[in-house]
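**Q** My questions will all concern the structure given below.
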Amino acid sequence: MAPRYAPNLRSRLPVVALLLEACFILLFAFFVDISEGIEDFPHIYAVFQDVHVMVFLGFGFMATFLVRYGFSSSGFSLLVAAMTVQWAILMHGFLLVPRGREMIAVNMQSLVFAEMYAASSLIAMGTMLGKINPVHLLIMALLEVTGFIVNQWLLQTLLRVQPLQSMMLLHIFGAFFGVMVSCVLYRKGIEPVHEKEKLHSKSGLFSMLGTLFLWIFWPSFNSAYLFSLHKINAQFKTVCSTYLSLAVSCVTATSISVLCSSKGKINLAHVQNCMLAGGVTVAVAISVIDQPWVAMTTGLSAALISTLSFRFIKRHMQMAFDCHDTCGVLSVHGIPGILGWCIHLIIQLTISDDFTVAVRFAVYHITILLTTVAMSLAMGTITGILLKWKIWRPPQNRKCFDDQAYWEVSSQLFCT
Amino acid sequence: MAPRYAPNLRSRLPVVALLLEACFILLFAFFVDISEGIEDFPHIYAVFQDVHVMVFLGFGFMATFLVRYGFSSSGFSLLVAAMTVQWAILMHGFLLVPRGREMIAVNMQSLVFAEMYAASSLIAMGTMLGKINPVHLLIMALLEVTGFIVNQWLLQTLLRVQPLQSMMLLHIFGAFFGVMVSCVLYRKGIEPVHEKEKLHSKSGLFSMLGTLFLWIFWPSFNSAYLFSLHKINAQFKTVCSTYLSLAVSCVTATSISVLCSSKGKINLAHVQNCMLAGGVTVAVAISVIDQPWVAMTTGLSAALISTLSFRFIKRHMQMAFDCHDTCGVLSVHGIPGILGWCIHLIIQLTISDDFTVAVRFAVYHITILLTTVAMSLAMGTITGILLKWKIWRPPQNRKCFDDQAYWEVSSQLFCT
Amino acid sequence: MAPRYAPNLRSRLPVVALLLEACFILLFAFFVDISEGIEDFPHIYAVFQDVHVMVFLGFGFMATFLVRYGFSSSGFSLLVAAMTVQWAILMHGFLLVPRGREMIAVNMQSLVFAEMYAASSLIAMGTMLGKINPVHLLIMALLEVTGFIVNQWLLQTLLRVQPLQSMMLLHIFGAFFGVMVSCVLYRKGIEPVHEKEKLHSKSGLFSMLGTLFLWIFWPSFNSAYLFSLHKINAQFKTVCSTYLSLAVSCVTATSISVLCSSKGKINLAHVQNCMLAGGVTVAVAISVIDQPWVAMTTGLSAALISTLSFRFIKRHMQMAFDCHDTCGVLSVHGIPGILGWCIHLIIQLTISDDFTVAVRFAVYHITILLTTVAMSLAMGTITGILLKWKIWRPPQNRKCFDDQAYWEVSSQLFCT
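Chains as they are written, first to last, in UniProt numbering: chain A, 1 to 416; chain B, 1 to 416; chain C, 1 to 416.
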């Protein structure tokens with residue numbers, strides 16, 4: 001007979017987390033230093049804090065829509081992000097910063113990068129939320145970041161892609177990685193919809209809060225990298241384009257949600273998720289968006305495709321491909337990311353006079369996408385197989401989407 | 001027999017919103033450009049983000065006190081603000097920026113202005129929240145912004161009022177506009193208090209959260225305009241005055257709320273709303289407030305009058321003038337705004353030596369107020385009459401203050 | 001027979017609050033001026049806003065874990081902080097700023113200081129939350145700030161301690177002050193656990209939100225003082241050290257919480273409170289922490305000790321010393337503060353070559369701690385005795401941890 005209680009993580013979570021933490025501290029002791037002499041520190045600090053709020057509060061609270069899974073959504077996001085930023089500082093320093101024999105520098109730029117890597121792992125995590133335990137989530141996040149940084153290294157070294165452009169692929173990489181893990185780890189028992197996978201009006205407001213912080217600070221997220229380079233004009237354009245795109249995206253997502261509903265009602269999930277699509281699409285295509293109306297049209301098409309995908313493709317994915325995507329990551333980050341990539345290609349081809357140059361750019365651009373998608377799917381498959389190992393004690397189907405499996409929910413928490 | 005369901009908005013909301021959005025994109029394509037060469041962009045960006053949080057999160061969450069109307073309060077505020085900022089960039093550029101034949105520039109200053117216009121429309125919207133549908137709200141907000149910008153144009157062109165001063169009339173304009181719309185659209189069936197117009201302890205905390213963001217970032221709101229002009233001394237004084245005024249305002253509102261209660265208890269609605277009054281009053285009188293104690297006294301008197309008005313005038317307005325004001329906008333923005341205007345007048349008369357100059361100033365100052373109030377009441381009347389048209393499908397009385405009329409509240413939102 | 005209702009505060013709270021407010025305004029009128037000529041105002045303003053969010057939103061919402069005490073937790077924190085900042089500006093100006101016969105200047109530095117003083121009083125307040133009425137809280141907070149500023153004056157004048165270092169003792173002072181007040185005011189009837197002192201899954205999320213804001217903006221809190229001095233390198237190091245320490249702290253607190261639980265589950269209270277310990281410890285030891293791995297080890301040991309203390313010492317304190325500590329302030333601020341002081345001492349002794357210098361530093365360092373602790377315990381005792389006076393109308397045991405004693409919780413708040 002199956003055990004009645006969720007598997008006890010006492011011998012797993014602390015061991016894995018504290019061992020990793022000890023390794024990180026050792027690696028930091030030998031290889032990392034706080035760098036001096038940053039002149040423009042106060043400028044970037046405010047933008048960094050915006051991104052910090054997004055990563056540690058926004059993503060976690062956005063996922064609190066699962067009414068019985070609020071502590072886990074916010075708490076595990078926090079835990080995963082806190083581990084990921086440390087690992088990302090190390091990996092990024094080892095692979096992507098040319099530094100000779102010097103120590104890896106911790107500065108505002110590397111912290112901004114670390115937070116963006118953490119964001120990509122939180123995106124991937126969104127597909128699996130509620131179905132695996134925190135040890136799974138930790139391992140998945142660290143492997144995702146490793147894969148994404150290796151992918152960046154490949155792109156920058158072999159294809160000479162600009163760092164900004166390769167970084168902005170985080171949405172595509174995270175989404176496809178997560179979807180692949182979700183396919184590999186598909187559970188038979190929980191389709192079509194788990195009984196606890198539901199939303200309540202109050203958890204909806206917490207989720208709204210997280211989403212709003214993401215939406216409000218998204219211009220900072222897209223421009224944080226440029227801030228750290230002091231490219232004032234580029235960062236200003238990025239901020240404005242993202243702002244306008246998000247504004248249009250929000251209006252469009254609401255409208256399409258009503259259009260798709262037979263009763264003419266708005267679906268909160270569509271609004272919350274799909275209004276972010278404009279930010280994703282603009283991020284991927286940012287280097288070619290110059291005009292406000294282009295940004296706005298991008299936002300409109302992103303929200304349109306994202307909402308339709310959320311409405312029609314999400315359930316189809318589950319039935320056709322055995323892929324259950326808790327937060328709809330594919331519709332919010334994956335498909336809008338691909339759309340942004342297409343818009344980048346189209347605009348670049350339009351402004352190109354020379355046919356040979358255009359073809360060469362198209363091939364180059366397609367190679368970047370294919371490399372990233374292939375890498376993310378491969379890493380996702382490996383991660384999924386690794387997580388299938390029973391040693392990590394996966395929760396039973398009955399305990400999915402439930403805080404009780406991991407959190408003491410006695411009513412007198414503060415006194416025990 | 002009346003229909004049992006709320007009117008289906010499928011043929012209204014998407015059509016209106018997407019059509020407007022398409023017009024906006026067209027207008028942006030022909031008339032708007034992202035301007036280059038902003039030198040001090042990083043400075044103003046942090047302040048802009050504070051205002052951004054206030055407009056898109058603060059106002060919406062402040063209105064979530066309506067326990068069954070949380071999705072609508074936050075979601076419709078978001079939708080309305082996202083549309084309004086686009087329209088405000090256009091209107092402001094056409095009417096208020098001298099630019100010859102050049103394109104309208106999108107820069108941090110125009111974005112800050114756009115957010116302030118959006119704030120004024122959200123203030124107006126506060127009077128009608130829960131009683132009209134989102135199409136109504138959209139039209140009302142766009143007309144409010146149009147009216148307010150035309151009013152600014154009148155004041156700046158005919159009376160040569162400083163832009164800062166005319167902008168700060170947004171509280172007065174928004175409040176009186178909203179109150180007028182509310183009078184015109186008064187519904188017989190919902191007095192004295194709608195059964196669903198109530199607050200629950202949990203929705204009270206969401207509302208507290210929104211209010212706190214407004215309260216905390218109000219110094220940024222009052223000084224954002226000056227930031228964009230790099231008037232460091234003025235912006236510093238504005239920040240300090242607003243900060244002190246708000247601190248005193250908060251203490252006073254709580255005290256007066258206890259004093260007015262026969263049981264000696266605090267009314268959360270009084271605290272949340274009236275502690276903001278200090279920020280409103282200081283904003284209107286900002287150009288003459290130089291001393292900390294003047295700012296503090298302003299905050300004290302603002303909270304005093306606002307709390308008394310909230311406690312005694314709000315219900316009276318409904319009975320005497322058929323004006324139901326959901327969020328108590330008149331008490332929070334209207335009357336404190338007028339008080340700020342009075343304080344401005346009094347201080348200016350006090351420091352004036354010459355009698356003739358003083359009289360001339362008084363006449364000038366009164367003209368500004370009267371023009372604004374007349375304009376807001378006129379626009380409010382027109383808007384109210386326009387919204388009475390049945391084509392917009394107003395909700396039935398039974399469906400007021402209820403998310404179910406507009407939102408899919410099945411418990412499995414993410415899966416449909 | 002005992003009264004059935006909570007004591008009516010109508011003749012207490014408004015009188016005390018408005019009288020104090022009037023005194024403050026008078027003192028401001030005679031002694032305080034808004035200073036001009038701050039050059040680097042925009043830089044520090046963004047950091048100031050982070051601290052502002054922490055003090056007015058973070059602490060208040062962190063304490064909303066008490067499910068029936070949410071309005072009070074957030075509302076009273078707001079009221080107390082709003083009064084404290086005004087008093088702190090005055091006291092700090094009188095005692096700690098050399099200024100000859102000039103007015104006390106209100107500038108960004110003095111506002112940052114005022115907010116840090118307010119934080120120390122909110123820490124002290126955490127021990128008593130739910131057990132005393134708002135008049136008690138106000139008096140307690142003002143006395144705490146007075147004591148802390150006098151303590152700073154003693155340290156800076158007699159022992160020539162650096163202002164930054166003496167300021168960072170706020171955690172130790174606040175915690176021991178609060179614990180002492182709690183001992184003096186111990187109520188027999190409420191041990192071991194009051195029936196209303198419990199947490200609910202929804203109030204847990206509000207509390208998580210407040211905690212996250214504290215955690216996210218803690219680097220700003222630790223470096224705000226340095227920002228106001230334009231010590232760019234020092235502030236950058238402080239930000240990085242605090243950031244890394246907090247990240248490790250979060251992972252450790254979660255792990256230790258699982259280890260201590262027989263069921264292998266996470267206790268939300270441990271995570272929320274103890275993940276902040278890293279920030280406290282780093283703050284106290286900041287001047288000697290140079291390497292990232294030192295900051296990370298500090299965070300790890302802080303969270304370890306804090307979680308163990310929260311798990312095992314908190315209840316022991318209540319049984320052995322008659323000290324009930326609502327928010328676990330001793331475990332979150334007191335003990336990690338002492339740990340930071342020890343780390344400071346150890347590192348300083350390690351890097352010192354000369355034995356005599358080392359001994360002299362140790363004696364000096366111990367004197368600072370003993371002075372602070374003695375001062376806090378003494379002021380706590382005095383405050384406790386003063387608050388025992390029945391004139392302040394303490395709530396009955398039955399009305400502890402209950403909003404109904406102080407807030408109108410009729411369901412139609414907005415209409416009365």
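Quick reminder that beta carbons are idealized off the backbone N, C-alpha and C, glycines included.
L246/A to A119/A, Cα distance in whole Å?
**A** Translated into the one-based positions of the first sequence, residue 246/A becomes position 246. Translated into the one-based positions of the first sequence, residue 119/A becomes position 119. If I take the Cα positions, the gap works out to 18 Å.
**Q** Which runs of the alpha helix (DSSP H) spanning at least 4 residues fall entirely within the region 387-411 of chain B, listed in chain order?
**A** Listed in chain order, there is nothing to give.
**Q** Residues of chain A with a CB under 7 Å from the CB of K263/C: which are they?
**A** For this step, residue 263/C is matched to residue 263 along the third sequence. Ordered by position in chain A, the residues that pass the 7 Å Cβ test against K263/C are N8.
**Q** Could you have a look at A22/B and say whether DSSP puts it in helix, strand or coil?
**A** The count along the second sequence starts at 1 and reaches residue 22/B at position 22. Residue state, collapsed to three classes: helix.
**Q** State the DSSP-derived secondary structure class of V97/B, mapped to helix, strand or coil.
**A** Residue mapping note: residue 97/B aligns to position 97 of the second sequence, counting from 1. If DSSP states are grouped into helix, strand and coil, V97/B belongs with coil.
**Q** Starting from the Cα of G130/C, find the closest Cα among Y45/C, M62/C, C240/C, F401/C and give me that residue.
**A** As a working mapping, residue 130/C is identified with position 130 in the third sequence. The option with the nearest alpha carbon to G130/C is F401/C.
**Q** Quick test of your reading: T298/B and G328/B, contact by CB under 8 Å. State the CB separation rounded to the nearest angstrom.
**A** Working through the second sequence from its first residue, we reach residue 298/B at position 298. Working through the second sequence from its first residue, we reach residue 328/B at position 328. Wrong, their Cβ atoms sit about 20 Å apart, outside the cutoff.
**Q** Tell me, please, whether the CB atom of G75/C is closer than 8 Å to any CB atom in chain B?
**A** Your numbering for residue 75/C matches position 75 in the third sequence. Chain B contact via Cβ: present.
**Q** Between the Cα of F31/A and those of L95/A, S287/A, I123/A, spot the shortest distance and give me the residue it belongs to.
**A** Walking along the first sequence from the start, residue 31/A turns up at place 31. Among L95/A, S287/A, I123/A, the Cα nearest to that of F31/A belongs to L95/A.
**Q** Are the C-beta atoms of K388/B and some chain C residue less than 8 Å apart?
**A** Taking the second sequence and counting its residues from 1, one reaches residue 388/B at position 388. Not an interface residue.
**Q** Should H52/C and I216/B be called a contact, given that it needs their Cβ atoms to be closer than 8 Å?
**A** By 1-based counting over the third sequence, the position of residue 52/C is 52. By 1-based counting over the second sequence, the position of residue 216/B is 216. In this structure, I216/B lies closer than 8 Å to H52/C by Cβ.
**Q** If I follow the unbroken beta strand (DSSP E) through V106/A, where does it start and stop?
**A** To locate residue 106/A, count along the first sequence from 1; it is residue 106. Here the beta strand (DSSP E) through V106/A covers 104-106.
**Q** I149/B and Y117/B: beta carbons closer than 8 Å?
**A** Position 149 of the second sequence, counted from the start, is the residue given in the question as residue 149/B. Position 117 of the second sequence, counted from the start, is the residue given in the question as residue 117/B. Yes.
**Q** Sorted by chain position, which residues of the same chain lie with C-beta nearer than 7 Å to F221/A's C-beta, five sequence neighbours on each side aside?
**A** Taking the first sequence and counting its residues from 1, the one referred to as residue 221/A is at position 221. If we look at F221/A and ignore the five residues flanking it on each side, its Cβ neighbours are V51, M54.
**Q** Taking a Cβ distance cut-off of 9 Å, strictly less, list which residues of the region 235-256 of chain A are near chain B, in chain order.
**A** Listed in sequence order: Q235, F236, K237, V239, C240, S241, Y243, L244, L246, A247, V248, S249, C250, V251, T252, T254, S255, I256.
**Q** Could you have a look at I351/B and say whether DSSP puts it in helix, strand or coil?
**A** The count along the second sequence starts at 1 and reaches residue 351/B at position 351. Residue state, collapsed to three classes: helix.
**Q** In three-state DSSP terms, what is V32/B?
**A** Here residue 32/B refers to the residue found at position 32 of the second sequence. Strand.
**Q** So, are the CB atoms of Q272/A and T326/A less than 8 Å apart?
**A** To locate residue 272/A, count along the first sequence from 1; it is residue 272. To locate residue 326/A, count along the first sequence from 1; it is residue 326. It is not a contact, given that the beta carbons lie outside the stated cut-off.
**Q** Less than 8 Å separating the beta-carbons of residue 463/A and G174/A?
**A** This structure cannot settle anything about residue 463/A, because the visible part of chain A is limited to 1 through 416.
**Q** Could you tell me which residues DSSP pairs with I266/C in its beta bridges?
**A** Looking up residue 266/C in the third sequence gives position 266. Answer is W407/A.
**Q** I'd like the list of long-range same chain contacts for V145/B, defined as Cβ closer than 8 Å, with 5 residues on each side in sequence excluded.
**A** Residue mapping note: residue 145/B aligns to position 145 of the second sequence, counting from 1. Same-chain partners within the cutoff: T84, W87, A88, M91, Y117, A118, S120, S121.
**Q** Taking T297/C as the query, report the chain A residues whose CB atoms sit under 9 Å from its CB, ordered along the chain.
**A** Reading the third sequence from its first residue, position 297 is the one you call residue 297/C. Near T297/C (Cβ distances below 9 Å), the residues of chain A are I25, A29.
**Q** Examine chain C for any beta-carbon lying closer than 8 Å to the beta-carbon of H52/A, and answer yes or no.
**A** For the purposes of this step, residue 52/A is taken as residue 52 along the first sequence, with counting starting at 1. Yes, H52/A lies at the interface with chain C (some Cβ there is under 8 Å from its Cβ).
**Q** Taking 8 Å as the CB-CB limit, is I266/A close to chain B?
**A** One-based indexing of the first sequence puts residue 266/A at position 266. I266/A counts as touching chain B.
**Q** Of all the residues that make up the region 201-212 of chain A, which are near chain B by a beta-carbon distance shorter than 8 Å?
**A** Answer set for the region 201-212 of chain A: S201, K202, G204, L205, M208, L209, L212.
**Q** In whole angstroms, what separates the C-alpha of I266/A from that of K202/A?
**A** Here residue 266/A refers to the residue found at position 266 when the first sequence is read from its first residue. Here residue 202/A refers to the residue found at position 202 when the first sequence is read from its first residue. Those two C-alpha atoms are separated by around 17 Å.
**Q** Per the contact definition of three or more C-beta pairs closer than 8 Å, is the region 157-164 of chain B in contact with the region 362-380 of chain B?
**A** Yes, the region 362-380 of chain B is in contact with the region 157-164 of chain B.
**Q** Note down the Cα distance separating L137/A from G384/A, rounded to an integer number of angstroms.
**A** As a working note, residue 137/A is residue 137 in the first sequence. As a working note, residue 384/A is residue 384 in the first sequence. In a straight line, the C-alpha of L137/A is about 11 Å away from that of G384/A.
**Q** For the alpha helix (DSSP H) that I172/B lies in, which residues bound it at each end?
**A** Residue mapping note: residue 172/B aligns to position 172 of the second sequence, counting from 1. Per DSSP, I172/B belongs to the alpha helix (DSSP H) from 170-184.
**Q** For A304/A, which residues in the same chain have their Cβ closer than 7 Å to its Cβ, ignoring the five residues on either side in sequence?
**A** To locate residue 304/A, count along the first sequence from 1; it is residue 304. Reading off the sequence, residue 304/A comes out as Leu, not Ala. Cβ within range, chain order: T252, I256.
**Q** Is T326/A helix, strand or coil by DSSP?
**A** Counted from its first residue, the first sequence places residue 326/A at position 326. In the structure shown, T326/A sits in coil (DSSP, three-state: anything other than H, G, I, E or B).
**Q** In the DSSP assignment, the alpha helix (DSSP H) including N151/C goes from what residue to what residue?
**A** Mapped onto the third sequence, residue 151/C falls at position 151. Its alpha helix (DSSP H) spans residues 134-158.
**Q** Please determine, among V409/A, L143/A, L308/A, V332/A, the residue with the shortest C-alpha to C-alpha distance to residue 444/A.
**A** Residue numbering for chain A in the displayed model covers 1 to 416; residue 444/A lies beyond these limits and cannot be assessed.
**Q** CB-CB under 7 Å to S182/A, same chain, minus the five flanking residues each way: which ones, in chain order?
**A** In the first sequence, residue 182/A corresponds to position 182, counting from 1. Around S182/A: T127, M128, C323, H324, D325.
**Q** Alpha carbon to alpha carbon, how far is E197/B from Q412/C? Give it in angstroms, no decimals.
**A** Taking the third sequence and counting its residues from 1, one reaches residue 412/C at position 412. Taking the second sequence and counting its residues from 1, one reaches residue 197/B at position 197. For Q412/C, the pLDDT reaches just 49, beneath the cut-off of 50, and the residue's location in the model is therefore unreliable, although a value from the coordinates is still provided. Rounded to whole angstroms, Q412/C to E197/B spans 7 Å at the Cα level.
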